[in-house]
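In what follows, a structure is listed as structure tokens, so that the remarks can point back to it.
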Amino acid sequence: MAVTKELLQMDLYTLLGIEEKAADKEVKKAYRPLSCHPDKNPDNPKAAELFHQLSQALEVLTHAAARAAYVKVRKAKKQAAENEKRKKVKLDLEAREQQAQAQESEEEEESRSTRAIESKRAEPNWRTLRWSVCLGLQTERNVEGGLGGWAMNLTPQVQN
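Residue numbers (full-length UniProt numbering): 1 to 160.
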């Protein structure tokens with residue numbers, strides 16, 4: 001019994017309307033009511049093709065070695081399809097992870113640069129501060145003003 005490529009492409013169980021675990025008796029029983037002999041259906045142009053497919057399905061599914069080979073090929077195809085799905089999901093997940101990492105590093109860099117800018121604002125201008133100390137000017141931290149810097153009161157301090 002030679003199993004053709006065309007036959008391997010079909011789902012013989014669906015063609016006969018049976019489950020994969022159906023016994024030989026059930027296969028033969030399912031074949032009888034589906035007899036689509038071209039002589040009984042002269043109006044159907046595809047009756048001969050369907051009858052031929054049903055006959056091949058019966059032959060494959062009732063022959064132990066042919067059925068085992070057919071089942072093996074079906075399992076391999078199913079496994080290959082599942083592997084392809086897994087591969088696609090994995091690639092999609094990796095792409096999303098890379099995108100998230102890129103976004104995270106971008107946000108981290110932005111945060112770092114923002115902190116650097118804010119720390120520069122928070123640092124007093126030491127040159128101005130030194131001159132003000134030398135001149136005896138009063139310096140204050142301008143927290144309420146929102147400038148994040150130092151403000152100077154240019155009024156000299158009077159010592160008593």
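Just so you know, even glycine gets a beta-carbon here, dropped at the ideal spot from N, CA and C.
| query | result |
| --- | --- |
| Inter-residue spacing [alpha-carbon to alpha-carbon] between K25 and D43 | 31 Å |
| I18, DSSP secondary structure in three states | coil |
| Closest by C-alpha distance to Q9, when choosing among E19, K40, R74 and E108 | R74 |
| Of the listed residues L93, D39 and K5, nearest to F51 (C-alpha basis) | D39 |
| Range of the contiguous alpha helix (DSSP H) that encloses K5 | K5 to Q9 |
| Boundaries of the alpha helix (DSSP H) in which D24 is found, first to last residue | D24 to Y31 |
| Through-space distance from K88 to residue 203, alpha-carbon basis | In the structure as shown, the chain begins at 1 and stops at 160. Residue 203 is therefore absent and cannot be evaluated. |
| Straight-line Cα distance separating K78 from L58 | 22 Å |
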